[in-house]
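Visitor: Residue numbers (full-length UniProt numbering): 1 to 775.
For glycine and all other residues, C-beta sits at the position ideal for the given N, C-alpha and C.
None of these values were measured; they are calculated from a predicted model.
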Amino acid sequence: MDELTSGKGVVFATGTPVSNSMSELYTMQRYLQYDDLEKKGLHHFDSWASTFGETVTAIELSPEGDSYRSKTRFSKFYNLPELMSFVKEMADIKTADLLNLPTPQAHYETILTRPTNHQKEILKTLSERADKVRNRKVESHEDNMLRITNDGKKIALDQRLINTLLPDDPESKVNVCTKNIFAIWEKSSEQRSAQLVFCDMSTPKGDGTFNLYDDMKGKLIELGIPENEIAFIHDANNEKQKAELFAKVRSGDVRILFGSTSKMGAGTNVQSKLIALHDLDVPWRPADLEQRSGRIVRQGNENKDVYIYRYVTENTFDAYLWQTIENKQKFISQIMTSKTPVRVADDVDENTLNYAEIKALATGNPLIKEKMDLDVEVSKLRMLESNYKSNLYQLEDKIAKHYPSEITRLKGQIEKVNEDIKRREPKVQGDGLFNGMEILGKTYSDKKEAVEELMKILPLVPAEGSMPIGNYRGFEVSAFFNQIAQAMDFVIEGNLSYNGHFGESPEGNIQRLDNVLDRIDEELSKLENRLSDVQYKLQVAKEEVTKPFEKADMLKEKTLRLAEVNRILDMGEVEELDNPNPLLEDVKAAIVDFLDREYGFCEESSHSNVEQFNDIFSTGDLVYLAKSKSNVGGYDIEYSVDLSNFSWKLTFADSDIRTGQFDGSTPEEQAQHFKLFLEHSTKDDLLSIDEKTTCQMLGLPYTRESLDHDMDNDGIADRYDHDIKDSDAFESTYDVDGEEKRPSTLAQIQAFKAEVEERDYKSQKKEEIEEEQVI
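Okay, here's the thing in structure tokens:
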């Protein structure tokens with residue numbers, strides 16, 4: 001189809017392009033951008049994933065729930081600005097705020113309820129169960145994190161879902177929701193407005209077992225709502241029954257419809273009379289939440305204002321789950337707009353709470369609230385930092401190219417206009433006096449004759465193109481027919497061109513020529529003002545690029561605190577504090593490999609890499625990975641990492657230049673990121689310091705412009721590097737300074753990957769030969 005239609009034969013349309021994982025973008029690109037993927041070497045998922053994401057292999061529960069399996073999934077996505085720039089070549093993203101559709105105004109309200117003593121006691125048992133699962137004291141088919149998570153959701157919904165013998169709490173969120181449904185039903189009886197109730201758990205099975213659907217329906221009937229006005233989506237067993245049910249809701253015959261997200265989400269068009277929507281529980285996926293609200297915030301609703309209620313049981317899993325899914329939705333919404341997305345983000349594919357989260361929620365740990373707040377604050381600050389960097393790159397580009405070229409252009413035009421002013425013949429003053437005009441090679445000194453001749457030749461001007469008609473006051477004059485205005489215009493050609501309009505008045509046309517020529521002085525004034533404006537903008541831009549991100553300290557503080565809170569939460573009980581990071585030995589081995597690769601001083605030994613590490617570094621957690629001398633002054637440049645918290649530091653002459661910490665909400669994630677960083681880095685990468693920083697440290701003047709540095713360390717000055725300047729990570733670029741071709745970031749990654757594969761292949765062949773020799 002693409003070959004027949006030049007890539008224009010297939011159109012996809014969806015309201016939720018990313019429903020469960022960012023990797024879904026690859027699937028759409030495979031259908032709609034396959035040729036582009038192939039050209040960039042990204043048509044295989046492995047190459048796409050290695051460019052835009054980081055995969056992590058972890059042990060998790062099997063679908064059957066009775067065993068564990070190894071699963072490789074995305075942990076984080078990188079290079080999101082480049083990815084979304086690539087995707088937007090084939091995707092036209094239109095959000096509701098951009099389309100300005102006539103949808104009702106949604107009012108969101110969170111209704112909080114307090115947990116009962118029974119709920120609190122049951123919640124504590126989840127902590128004990130999580131301990132047993134974590135310490136492998138229970139078989140996976142008996143208990144696991146997924147079951148604990150689901151039980152936590154049940155407790156938050158209604159305690160009777162754990163034990164039907166427990167009392168029905170009058171103030172539970174189920175009963176509070178029931179009362180709210182009745183109040184809205186009663187208030188909107190005249191309009192016969194309808195309501196939707198979403199609940200993914202405790203759905204009706206038709207076997208007589210307890211479920212919240214029947215429980216709430218019975219209570220609503222007791223309050224006075226006719227039974228025929230209440231329906232379950234589960235009662236519609238085929239498309240015909242579903243269509244009949246939807247028609248009743250649209251007409252107001254059925255005014256309360258219960259359903260789950262899967263059955264009452266996408267494809268449910270019952271918005272005509274909807275006035276309220278109730279979320280009793282929390283879906284796992286952001287797309288599910290969007291599908292729920294999309295049933296009521298929709299075109300064709302007769303109500304201008306609608307209400308979406310979310311019911312939350314305090315101090316249970318509810319609040320944290322709502323926070324988590326809203327953060328995921330904000331991330332998806334942000335990348336699916338025209339805004340610049342963050343560079344790195346976690347994937348949204350997750351449906352189980354981890355041990356630390358369960359432990360904190362079950363024990364009422366106040367740190368979980370702090371973590372929720374920090375997650376939001378850090379996310380906002382990173383967005384601001386991303387916008388700051390985007391604006392910074394634009395300013396640097398304008399400083400390097402746009403403003404200088406505009407200043408040069410304006411100065412050139414000013415010079416040309418000055419020459420035209422000198423060239424312009426002064427207008428002869430006095431009644432009846434005329435400068436004279438040359439028309440088609442003949443000079444007319446009498447104004448009346450010149451006007452008559454001019455009016456004779458104007459009808460001869462062709463419909464397209466211009467026609468030279470003569471010379472006036474030292475300038476060539478041409479006429480042309482303006483197709484848009486449907487009128488005859490003229491252009492006076494000097495160093496610059498000056499346009500005007502001929503009219504129907506013969507005498508007035510000479511005056512029109514004079515007016516345009518006399519206004520050349522005004523044109524000069526405009527150009528001079530424009531030049532001053534651009535020069536001012538250049539000066540302001542130079543000042544702006546020197547200003548740091550004003551909330552950098554706050555971002556650093558919040559990020560470090562978030563990492564600390566995550567570590568504390570992940571430690572669990574006090575007796576678990578001594579548990580080592582399981583990836584620490586892998587990190588130590590990676591450090592030895594790095595030193596051997598870069599410096600070659602790790603001799604062949606029967607000792608393992610970890611043992612060699614312990615021999616080399618006996619001073620604790622602080623590890624110096626790289627050291628060099630500066631080109632100016634011969635000062636020491638050192639790069640070190642503290643393995644206790646995976647913070648890093650680059651020093652110049654014993655002064656800190658840059659510090660940071662490897663990403664990760666847990667020490668294991670930080671270790672994994674540090675290990676990957678080492679595998680893809682050289683000592684030059686670690687010790688890279690731009691000339692501007694060197695000059696600042698030494699107190700020397702710095703005269704080169706900001707775009708001369710090399711932010712991605714690929715040997716190309718940023719002013720010529722499309723990887724940085726145009727967010728294009730796919731094409732090689734030309735290093736103007738070095739006068740040579742340079743590979744792109746992607747090409748370097750692929751080259752390194754090929755090198756590793758070749759090295760593994762040679763190692764495998766060597767082992768096979770040695771085995772054959774032994775045999």
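Can you say whether P286 is buried or exposed, counting buried as having 16 or more other CB atoms within 10 angstroms of its CB?
Guide: In the sequence shown, residue 286 corresponds to position 286, counting from 1. Under this definition P286 is a buried residue.
Visitor: Would you decide whether V174 is buried or exposed? Buried here means 16 or more other CB atoms lie within 10 Å of its CB.
Guide: Taking the sequence shown and counting its residues from 1, the one referred to as residue 174 is at position 174. It counts as buried.
Visitor: Tell me which same chain residues have a C-beta within less than 7 Å of the C-beta of S272, skipping the five on either side of it?
Guide: As a position in the sequence shown, residue 272 is number 272, starting the count at 1. Around S272: R250, G300, N301 and E302.
Visitor: Return the CA-CA distance between D721 and E406, expressed in angstroms with no decimal places.
Guide: Numbered from its first residue, the sequence shown carries residue 721 at position 721. Numbered from its first residue, the sequence shown carries residue 406 at position 406. Annotation note: pLDDT 47 at D721 (below 50); position unreliable, no value reported.
Visitor: Distance, Cα to Cα, E731 vs K39?
Guide: Taking the sequence shown and counting its residues from 1, the one referred to as residue 731 is at position 731. Taking the sequence shown and counting its residues from 1, the one referred to as residue 39 is at position 39. In this predicted model, E731 has a pLDDT of only 42, less than 50, meaning its place in the structure is not dependable enough to derive any value.
Visitor: Which term fits Y624, buried or exposed, when burial requires 16 or more other beta carbons within 10 angstroms of its beta carbon?
Guide: Looking up residue 624 in the sequence shown gives position 624. Exposed, by the Cβ-count rule.
Visitor: How long is the line joining the alpha carbons of G430 and D446, rounded to whole angstroms?
Guide: Here residue 430 refers to the residue found at position 430 when the sequence shown is read from its first residue. Here residue 446 refers to the residue found at position 446 when the sequence shown is read from its first residue. Going from the Cα of G430 to the Cα of D446 covers about 14 Å.
Visitor: If the criterion is Cβ atoms closer than 7 Å, does the pair V270 and A106 meet it?
Guide: Here the question's residue 270 lines up with position 270 in the sequence shown. Here the question's residue 106 lines up with position 106 in the sequence shown. Taking 7 Å as the Cβ cut-off, V270 and A106 do not qualify as a contacting pair.
Visitor: Using beta-carbon positions only, say whether P115 and T316 come within less than 7 Å of one another.
Guide: The residue labelled residue 115 in the question sits at position 115 within the sequence shown. The residue labelled residue 316 in the question sits at position 316 within the sequence shown. Contact: yes.
Visitor: Thinking C-alpha only, which one of N471, S189 and S644 is nearest E585?
Guide: Counted from its first residue, the sequence shown places residue 585 at position 585. For E585, the nearest C-alpha among the options comes from S644.
Visitor: To the nearest angstrom, report how far apart N135 and A589 are at their CA atoms.
Guide: Residue mapping note: residue 135 aligns to position 135 of the sequence shown, counting from 1. Residue mapping note: residue 589 aligns to position 589 of the sequence shown, counting from 1. Rounded to the nearest angstrom, the two C-alpha atoms are 26 Å apart.
Visitor: Under 8 Å, with one C-beta from each stretch per pair, do the region 539-549 and the region 419-435 reach the 3-pair mark?
Guide: The answer is no - the region 419-435 does not touch the region 539-549, with fewer than three Cβ pairs under 8 Å.
Visitor: Just tell me which of R530, G218, T51 and I155 has its CA closest to the CA of D318.
Guide: Locating residue 318 in the sequence shown gives position 318, counting from the first residue. Out of R530, G218, T51 and I155, I155 has the C-alpha closest to the C-alpha of D318.
Visitor: Name the one or two DSSP bridge partners that D636 has.
Guide: On the sequence shown, residue 636 is found 636 positions in, with the first residue counted as 1. Answer is K629.
Visitor: Can you look up N471 in the DSSP assignment and give me helix, strand or coil?
Guide: Walking along the sequence shown from the start, residue 471 turns up at place 471. Reduced to three states, the DSSP call for N471 is strand.
Visitor: Enumerate in chain order the residues of its own chain whose CB-to-CB distance from T651 is below 6 Å, with the five nearest sequence positions on each side excluded.
Guide: Numbered from 1 along the sequence shown, position 651 holds the residue referred to as residue 651. So the list reads E638, once near-sequence residues are dropped.
Visitor: For the beta strand (DSSP E) that contains G660, what are its first and last residues?
Guide: Walking along the sequence shown from the start, residue 660 turns up at place 660. G660 -> beta strand (DSSP E) spans S655 to Q661.
Visitor: Which residues mark the beginning and the end of the beta strand (DSSP E) in which E438 is found?
Guide: Residue 438 sits at position 438 when you count from the first residue of the sequence shown. Where E438 is concerned, the enclosing beta strand (DSSP E) stretches over M437 to I439.
Visitor: With three or more C-beta pairs closer than 8 Å as the rule, is the region 224-241 touching the region 155-170?
Guide: No contact exists between the region 155-170 and the region 224-241.
Visitor: Counting pairs of beta carbons, one from the region 374-391 and one from the region 458-465, are three or more of them closer than 8 Å?
Guide: Too few Cβ pairs lie closer than 8 Å, so no.
Visitor: Can you tell me whether F86 is buried or exposed, with buried defined as 16 or more other CB within 10 angstroms of its CB?
Guide: The residue labelled residue 86 in the question sits at position 86 within the sequence shown. Buried, by the Cβ-count rule.
Visitor: With DSSP as the reference, please indicate the residues paired to G15 in a beta bridge.
Guide: Start at 1 with the first residue of the sequence shown, and residue 15 comes out as number 15. The partner list for G15 (beta bridge, DSSP) is empty, contrary to what the question assumes.
Visitor: Pull up the distance between the alpha-carbon of L157 and that of T313, whole angstroms please.
Guide: For the purposes of this step, residue 157 is taken as the residue at position 157 of the sequence shown. For the purposes of this step, residue 313 is taken as the residue at position 313 of the sequence shown. Near 7 Å, if we compare the C-alpha coordinates of T313 and L157.
Visitor: For E767, count neighbouring C-beta atoms within 10 Å of its own C-beta (all shown protein chains included) and say buried if the count is 16 or more, exposed if not.
Guide: Here residue 767 corresponds to residue number 767 of the sequence shown, with the count starting at 1. Result: exposed.
Visitor: Is DSSP giving T443 helix, strand or coil here?
Guide: Translated into the one-based positions of the sequence shown, residue 443 becomes position 443. Reduced to three states, the DSSP call for T443 is strand.
Visitor: Determine the direct distance from the alpha carbon of D46 to that of L277, and round the result to whole angstroms.
Guide: Within the sequence shown, the letter at position 277 stands for residue 277. Within the sequence shown, the letter at position 46 stands for residue 46. Roughly 42 Å between the two C-alpha positions.
Visitor: With DSSP run on the structure shown, which of helix, strand or coil describes I492?
Guide: Reading the sequence shown from its first residue, position 492 is the one you call residue 492. Three-state result, I492: strand.
Visitor: Using C-beta distances below 6 Å, list every residue in its chain close to F246, excluding the 5 sequence neighbours before and after it, in chain order.
Guide: Locating residue 246 in the sequence shown gives position 246, where the first residue counts as 1. Closer than 6 Å at Cβ, skipping near neighbours: V270.
Visitor: Along the beta strand (DSSP E) that carries I275, what are the first and last residues, could you check?
Guide: Against the sequence shown, residue 275 aligns to sequence position 275. Segment L274 to D279, the beta strand (DSSP E) holding I275.
Visitor: Kindly say whether P366, judged by its beta-carbon, lies nearer than 7 Å to any beta-carbon of chain C.
Guide: Protein chain content of the structure displayed is limited to a single chain, and chain C is not contained in it.
Visitor: Strictly by DSSP, which residues pair up with D305?
Guide: In the sequence shown, counting from the first residue as 1, residue 305 sits at position 305. Per DSSP, Q105.
Visitor: In three-state terms, what does DSSP make of T113?
Guide: The residue labelled residue 113 in the question sits at position 113 within the sequence shown. The answer is strand: DSSP assigns T113 an E or B state.
Visitor: Would you report the Cα separation of E755 and F677, rounded to the nearest angstrom?
Guide: By one-based count along the sequence shown, residue 755 stands at place 755. By one-based count along the sequence shown, residue 677 stands at place 677. Taking the straight line joining both Cα atoms gives about 17 Å.
Visitor: With burial defined as no fewer than 16 other Cβ atoms inside 10 Å of the residue's Cβ, what is the status of T443: buried or exposed?
Guide: As a first step, residue 443 is located in the sequence shown; it is residue number 443 there, counting from the start. So T443 counts as exposed.
Visitor: Which of helix, strand or coil does DSSP assign to H501?
Guide: Reading the sequence shown from its first residue, position 501 is the one you call residue 501. H501: strand per DSSP, three-state reduction.
Visitor: Could you tell me which residues DSSP puts in a beta bridge with K649?
Guide: Reading the sequence shown from its first residue, position 649 is the one you call residue 649. According to DSSP, K649 bridges with S640 and T659.
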